[in-house]
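Peer 1: Take this structure, written in structure tokens, and hold onto it; I'll ask about it next.
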Amino acid sequence: MSCRLLIIFVLLCSIPPVAAGQDREKPKDQQIDELRREVGELRQELVRLRSQLPQGDSTQADELDQLEARLERRAEALENKIDAVSRSVAPIAFNPKMVTAVNFAARSDNKEVIEPSPNQSVISNRPFLRTVEVELSSAVDPYASAFAVISLENQANKDFGIDAEEAYGLIKRLPIIESAPLGLKLKIGKYRASIGVNNKIHIHDLPWTTRPLIVSRYLGTDHGEFFESGFNPVGMDLDFYLPNPFPGTTFEMNADIVRAGDIAISNASLATATLSPVTVRQPAYIGHLNLSKDWSNVHLLNIGASIYDEEGDYATRAYGVDLTYKWAPAEERESHSVVAGGEALILDHINSQLDRIHPYGWFGYLQYQTSYWLYLGARYDWIEEASDAAVVTRNIGVYASYYTTEFLRFRFGFEHRQSDIASQDNLNTIIFDLNLVFGSHPTEPYWVNR
Amino acid sequence: MKKLLNIIALVLAALMAQPASAQNKKLKVVTTLSYLQYVTQEVGGDKVDAVALANPKQDPHYVTPTPRMNQLATDADLFIENGLSLDMWAKNVLEASGNPSIQPGSPGHLVATINVPVKELPTEVSRAWGDIHPQGNPHVWLDPFNVRIIAGNIADRLKHIDPRNGDYYQKRFDDYKTTFDAAMFGEELVKALGKSGGDILTRKAKNNELSDWLKGKKLDGKLGGWMKKAERLNGMKIMSYHKTYIYFADRFGLQIAGELEEKPGIPPPPKHRDAVVEQIKREGIKVILNDNFYSREAADYVASRTGAKVVITYVDVGAVEAVDTYEKLITYLIEEIDQASS
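Line by line, the protein sequences are chains C and Y. Residues in the first sequence are numbered from 1 upward in steps of one, following the numbering used here. Residues in the second sequence are numbered from 451 upward in steps of one, following the numbering used here.
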């Protein structure tokens with residue numbers, strides 16, 4: 001018996017660390033299987049030895065118990081090592097996390113639609129690959145992480161252009177400031193600015209088939225409002241939580257210093273159209289204050305206020321408010337949800353006659369989820385032209401979104417437009433939209449509740 | 451430039467408004483799920499304030515991070531997540547919190563399931579298979595032995611970040627383990643085996659030797675707790691909506707015959723639903739477990755054609771009053787299945 005115990009003891013001691021030793025050339029899973037098998041055999045051997053023990057031999061039984069405890073400790077250590085190995089990271093893990101989002105859209109119109117600038121392309125009754133976005137993100141070092149969205153954007157049916165839609169570093173601490181209070185984060189680079197909520201969302205995450213008009217017309221678009229729009233300046237963003245006067249609510253502040261002249265309503269763009277150049281002083285400033293409250297993650301309410309300020313020969317300012325309400329029940333959450341909200345922007349700038357004007361615009365929307373797969377919604381836009389407050393466009397759209405999963409979304413929309421701009425008046429458009437998201441994107445919910 | 455200075459002044463003022471941290475303040479612990487909060491509070495006692503982010507009634511896979519959650523994490527000393535790609539939304543909270551001391555790799559960040567033996571590790575990963583978890587099935591906490599390991603992980607981390615109270619956390623952990631072992635095997639049996647009784651019983655149960663070992667020691671009559679309660683479930687086949695109960699079933703001897711979902715995270719297509727109906731009829735399955743956060747439509751459909759009983763189950767602590775502790779949660783699951791099958 002003692003000889004057998006000795007053999008078991010030697011075998012126990014011979015269980016090697018998982019990653020080391022003579023089996024290095026074998027695949028890890030094979031090494032693990034062998035070691036587990038070995039542990040299993042030792043357990044069986046112990047059971048067999050125990051069955052051979054003479055009745056009442058408590059010394060040997062205790063010895064076996066001790067050996068068994070030792071075996072289990074080693075087995076546990078082995079499992080821990082296996083676990084560590086299974087979670088260990090290969091050098092490839094240092095590559096950025098990569099996600100690709102493809103947006104395809106086709107439209108059918110009752111009249112010819114020409115994007116006004118710069119290509120003057122006819123875009124009615126055509127399919128488009130609107131964008132292909134490649135998102136890269138990774139930790140840079142213990143102090144910062146980085147995020148970049150390289151976008152292939154359809155230039156109103158003429159060609160594709162490559163754009164760094166976003167590319168920024170996010171700094172949470174520095175060696176000299178180990179811990180920034182108030183959750184302070186510093187973002188430096190190019191990013192979608194916090195003017196309202198919608199401007200921060202990428203086209204493939206929109207609940208609709210088109211951007212709201214206040215985003216495309218007031219904040220900016222390179223190739224017309226059917227394509228990617230919004231304001232993504234180069235600058236620096238400070239994001240922090242303010243001390244909170246209302247219990248249960250969260251006050252978050254974004255304060256930005258950005259390059260002036262890039263926003264669509266800037267006087268810099270006006271300078272190109274006037275005989276007298278209008279100078280714009282650098283930099284411009286953005287502020288966004290968000291008050292948020294959620295009730296057990298079932299009801300969520302966000303109320304925000306934004307400001308854009310650009311100085312120079314003439315100041316350009318925009319003031320905005322935004323509101324978002326979501327309801328998604330905790331139980332049977334996948335079946336029903338509601339999202340409602342809206343944004344408004346009022347401008348304070350000059351027109352081409354150098355008169356100070358205050359055009360404004362707003363949109364409101366409502367979306368109801370009828371089942372796991374299907375969302376129905378509507379959005380209404382009302383906007384005065386940035387250059388002429390007397391010219392008004394109204395747009396109503398309804399849509400149905402069909403999700404197979406959060407990674408594949410089909411969307412059908414119908415929009416009717418009435419406008420003081422003759423070419424846009426009584427325009428009816430049917431839009432089909434497809435979004436594919438693939439890569440290492442986690443199964444996290446999109447802002448529309450999935 | 452004046453505006454720039456104003457902004458900097460505003461930020462500095464906000465920074466200075468932060469109260470200085472008190473010497474003996476409680477550790478602020480933020481957990482993703484409520485069972486983690488419960489275990490942390492049990493181990494941390496009055497030295498710890500633990501708060502959970504997700505609503506325990508909510509699907510832990512799909513939680514929308516909100517500003518409230520982000521702010522809770524902003525001044526946390528320790529952030530605990532389940533890991534195994536279940537609460538991946540935690541990443542967004544960590545990122546938005548701006549709190550450097552709880553970022554992955556810091557002592558203030560703990561993946562609670564480290565060292566927990568994981569089941570269903572996929573050999574290949576593809577979205578074509580649904581929302582699979584690359585690191586294995588993440589519903590580990592429904593096996594009490596795994597929560598024993600998780601409690602140990604939490605205790606170790608609390609000791610690490612708050613060494614002054616290390617002895618306190620160790621004692622709380624030891625006490626919790628004793629309570630836990632009593633819930634698992636019955637107080638009488640654990641006491642009968644002395645100081646290491648819980649460890650020995652746990653080891654025997656993990657190796658599927660408990661019954662024989664107890665008989666050999668003539669202690670089988672003393673078995674109590676969940677193991678005794680679950681004896682009636684041994685060998686019972688059940689159907690579940692999602693792969694939530696793999697660990698629970700393995701521990702208590704149930705057999706998961708299949709899932710209503712054909713692929714994880716995707717509602718069952720009609721063809722698969724009908725195949726489940728046939729399987730339930732063929733195998734005489736009596737119980738369908740449907741997590742409260744999934745639609746019960748498919749389960750009701752199958753039940754109406756087979757006579758199987760749908761049990762709406764809660765899987766996190768605090769979802770309802772009946773499961774306001776982890777111990778009650780396990781008792782509840784055993785009793786609900788037992789009642790539905792009888």
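Each residue gets a CB set at the ideal place from its N, CA and C atoms; glycine is no exception.
1) Who does C:M236 pair with in a DSSP beta bridge?
2) On the premise that C:D433 lies in contact with C:A101, defined as a C-beta separation below 8 angstroms, what is that separation, rounded to the nearest angstrom?
3) Could you list the residues in the region 287-299 of chain C with a C-beta less than 8 angstroms from some C-beta on chain Y, going in chain order?
4) Let me check understanding here. Comparing Cα to Cα, which of Y:Y744, Y:Y626 and Y:G715 lies closest to Y:S775?
5) Name, in chain order, the residues that DSSP records as bridge partners for C:Y403.
6) Within 8 angstroms of any Cβ in chain C, is that where the Cβ of Y:T763 sits?
7) I need the DSSP call for C:E225, collapsed to helix, strand or coil.
8) Chain C beta carbons: is any one of them nearer than 8 angstroms to that of Y:R577?
9) Is any beta-carbon of chain Y found at less than 8 angstroms from that of C:F94?
10) When you compare the CB positions of Y:T482 and Y:D537, do they come within less than 8 angstroms of one another, or not?
11) Using a C-beta cutoff of 8 angstroms, does C:G189 count as contacting chain Y?
12) Skipping 5 residues on each side, what residues in its chain have a beta carbon closer than 7 angstroms to that of Y:A848?
13) If you measure beta-carbon to beta-carbon, which residues of the region 717-730 of chain Y are closer than 7 angstroms to chain C?
14) Note down the Cα distance separating Y:Q487 from Y:Y697, rounded to an integer number of angstroms.
15) What are the residues in the region 170-183 of chain C lying within 8 angstroms of chain Y by C-beta distance?
16) Name the chain Y residues that come within less than 8 angstroms of C:Y372, Cβ to Cβ?
17) State the Cα-Cα distance for the pair C:I431 and Y:P718, rounded to the nearest angstrom.
18) For a test of the three-state rule: what should DSSP assign to Y:N549, helix, strand or coil?
19) Let me check understanding here. Comparing Cα to Cα, which of C:E79, C:E76 and C:S138 lies closest to C:V99?
20) Measure from the C-beta of C:S335 to each C-beta in chain Y and report whether the shortest distance is under 8 angstroms.
21) Is it true that the CB of Y:G636 sits closer than 8 angstroms to the CB of Y:K668?
22) Take every Cβ of the region 375-383 of chain C, pair it with every Cβ of the region 219-229 of chain C, and state whether three or more of those distances are shorter than 8 angstroms.
23) Threshold first: 3 residues or longer. Then list the beta strand (DSSP E) segments lying entirely within the region 131-211 of chain C, N to C.
24) If we count the other Cβ atoms within 10 Å of its Cβ and call it buried at 16 or more, is C:L354 buried or exposed?
25) Provide the residue(s) that pair with C:T303 in DSSP beta bridges, ordered along the chain.
26) To the nearest angstrom, how far is it from the Cα of C:F109 to the Cα of Y:D700?
27) Would a check of beta-carbon distances place C:Y403 closer than 8 angstroms to chain Y?
28) On the three-state DSSP scale, how would you describe C:R356?
29) Give me the residue from Y:E545, Y:K507 and Y:K654 with the minimum Cα distance to Y:Q521.
30) Of the residues that make up the region 472-505 of chain Y, which ones have a beta carbon closer than 9 angstroms to any beta carbon in chain C?
31) Return no unless some Cβ of chain Y is closer than 8 angstroms to the Cβ of C:Y319.
32) In three-state terms, what does DSSP make of Y:I599?
33) C:T209: buried (16+ other C-beta within 10 angstroms of its C-beta) or exposed?
34) I'd like to confirm the pairing. Which residues does DSSP put opposite C:L129 in its beta bridges?
35) Quick one: what does DSSP say Y:I735 is sitting in, helix, strand or coil?
36) Going by other Cβ atoms of all chains shown within 10 Å of its Cβ, with 16 needed for buried, is C:E112 buried or exposed?
Peer 2: Judging by the given coordinates:
1) Working through the first sequence from its first residue, we reach residue 236 of chain C at position 236. DSSP, once it has assigned bridges, lists C:I188 and C:I257 as partnering C:M236.
2) Translated into the one-based positions of the first sequence, residue 101 of chain C becomes position 101. Translated into the one-based positions of the first sequence, residue 433 of chain C becomes position 433. Actually they do not touch by this definition, with Cβ atoms about 13 angstroms apart.
3) N290, S292, K293, D294, S296, N297 and V298
4) Residue mapping note: residue 775 of chain Y aligns to position 325 of the second sequence, counting from 1. It is worth fixing the name first, because residue 775 of chain Y is Thr in this sequence and not Ser. Minimum Cα distance to Y:T775 is reached at Y:Y626.
5) In the first sequence, the residue the question calls residue 403 of chain C occupies position 403. BP columns for C:Y403 point to C:R409.
6) Counting from 1 along the second sequence, the entry for residue 763 of chain Y is found at position 313. No, its Cβ sits nowhere closer than 8 angstroms to a Cβ of chain C.
7) For this step, residue 225 of chain C is matched to residue 225 along the first sequence. Reduced to three states, the DSSP call for C:E225 is coil.
8) Locating residue 577 of chain Y in the second sequence gives position 127, counting from the first residue. Yes, contact with chain C.
9) Numbered from its first residue, the first sequence carries residue 94 of chain C at position 94. No, no contact with chain Y.
10) As a working mapping, residue 482 of chain Y is identified with position 32 in the second sequence. As a working mapping, residue 537 of chain Y is identified with position 87 in the second sequence. In this structure, Y:D537 lies closer than 8 angstroms to Y:T482 by Cβ.
11) Against the first sequence, residue 189 of chain C aligns to sequence position 189. So, not an interface residue.
12) Nothing can be reported for residue 848 of chain Y: it is not among the residues displayed for chain Y, which extend from 451 to 792.
13) P717
14) If you number the second sequence from 1, residue 487 of chain Y lands on position 37. If you number the second sequence from 1, residue 697 of chain Y lands on position 247. Near 20 angstroms, if we compare the C-alpha coordinates of Y:Y697 and Y:Q487.
15) The residues in question are L170, K172, R173, E178, S179, A180, P181, L182 and G183.
16) Translated into the one-based positions of the first sequence, residue 372 of chain C becomes position 372. Under the 8 angstroms cutoff, chain Y gives P717 and S745.
17) Position 431 of the first sequence holds residue 431 of chain C. Position 268 of the second sequence holds residue 718 of chain Y. Separation of C:I431 and Y:P718 (C-alpha to C-alpha, rounded to the nearest whole angstrom) is 30 angstroms.
18) Within the second sequence, the letter at position 99 stands for residue 549 of chain Y. The answer is coil: DSSP assigns Y:N549 none of H, G, I, E or B.
19) Counting from one through the first sequence, the residue named residue 99 of chain C turns up at place 99. Answer by Cα proximity: C:S138.
20) Position 335 of the first sequence, counted from the first residue, corresponds to residue 335 of chain C. For C:S335, the answer is yes, since a Cβ of chain Y falls inside 8 angstroms of its Cβ.
21) By 1-based counting over the second sequence, the position of residue 668 of chain Y is 218. By 1-based counting over the second sequence, the position of residue 636 of chain Y is 186. It is not a contact, given that the beta carbons lie outside the stated cut-off.
22) no
23) 144-154, 160-171 and 185-190
24) Along the first sequence, one-based indexing puts residue 354 of chain C at 354. The residue in question, C:L354, is exposed, as its Cβ has fewer than 16 Cβ neighbours within 10 Å.
25) Sequence index remark: in the first sequence, residue 303 of chain C carries index 303 (1-based). What sits at residue 303 of chain C in the sequence shown is Ile, not Thr. In DSSP, C:I303 forms a bridge with C:L291 and C:L323.
26) Here residue 109 of chain C refers to the residue found at position 109 of the first sequence. Here residue 700 of chain Y refers to the residue found at position 250 of the second sequence. Residue identity differs from the one stated: residue 109 of chain C is Asp in this sequence, not Phe. Computed Cα separation, rounded: 59 angstroms.
27) What you label residue 403 of chain C is simply residue 403 of the first sequence in a count that begins at 1. Taking Cβ atoms only, chain Y never reaches closer than 8 angstroms to C:Y403, which makes this a no.
28) Here residue 356 of chain C refers to the residue found at position 356 of the first sequence. Of the three classes helix, strand and coil, the one that applies to C:R356 here is strand, per DSSP.
29) In the second sequence, residue 521 of chain Y corresponds to position 71, counting from 1. Nearest of Y:E545, Y:K507 and Y:K654 to Y:Q521, Cα basis: Y:E545.
30) Flagged, chain order: L503, A504 and N505.
31) Here residue 319 of chain C refers to the residue found at position 319 when the first sequence is read from its first residue. Taking Cβ atoms only, chain Y never reaches closer than 8 angstroms to C:Y319, which makes this a no.
32) Taking the first residue of the second sequence as position 1, residue 599 of chain Y is located at position 149. Note: Y:I599 maps to helix in three-state DSSP.
33) Position 209 of the first sequence, counted from the first residue, corresponds to residue 209 of chain C. By the 10 Å Cβ count, C:T209 comes out buried.
34) Taking the first residue of the first sequence as position 1, residue 129 of chain C is located at position 129. Paired residues: C:F104.
35) Locating residue 735 of chain Y in the second sequence gives position 285, where the first residue counts as 1. Coil.
36) The residue you call residue 112 of chain C lines up with position 112 of the first sequence. The residue is exposed, with fewer than 16 neighbouring Cβ atoms inside 10 Å.
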